[in-house]
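Beneath this line is the structure, given in C-alpha cells, with notes to follow.
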Amino acid sequence: MIRLHIRDLYKWNDVVLGNCFTFNHRTSNFNYKMRSSGVQGGYLDQNACNQLPGLQALMNVGSHEYVPWFDTAAILVFVHNKDEYVFSESVRYNAQPDGETLILVRD
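Numbering (numbering that gives the first Met the number 0), first residue to last: 0 to 106.
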C-alpha cells in the first residue's frame, strides 16, 4: 500500500462549509486517474506509475481550529469530477462520527 502525503491534499476554506481538503485537486502536481471502481478498484499515479489500491483516509476533526460558539463538528465527503466545483448544495456523504464510512464509486 502506498501512503499519500499531505501534499496530495489541497486545503481551502469556504464561508459555508469551513475548512475543506481536496484530494486530486485540479491544480495538483500529481494526476491520479481512477483505474476501476469498487472495493478492489484503485487509482493510478500517472507520475510514478504506481497503483493505489483504492483510497482510504483516516480523518480527525480538529475542533480547536474552529470558533468556540459552534458545538457541532462533522466531516462531509464530496465525490466529484476533478474539474467540478463543490458547493454546499452539492451531493455529499456524512461520515459517521467515531465510526467508519465506506463509499463505493462506480465509473
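A virtual CB, placed ideally from N, CA and C, is assigned to each residue, including glycine.
In this text, all values refer to a predicted model and were calculated from it rather than measured experimentally.
With DSSP collapsed to three states, give me the class of residue i.
i	result
D7	helix
Would you kindly report the start and end of the unbroken beta strand (DSSP E) that includes residue i?
i	result
F20	G17 to F22
For residue i, which residues does DSSP report across the bridge?
i	result
V76	Y92
N59	According to DSSP, N59 bridges with nothing at all.
D13	G17
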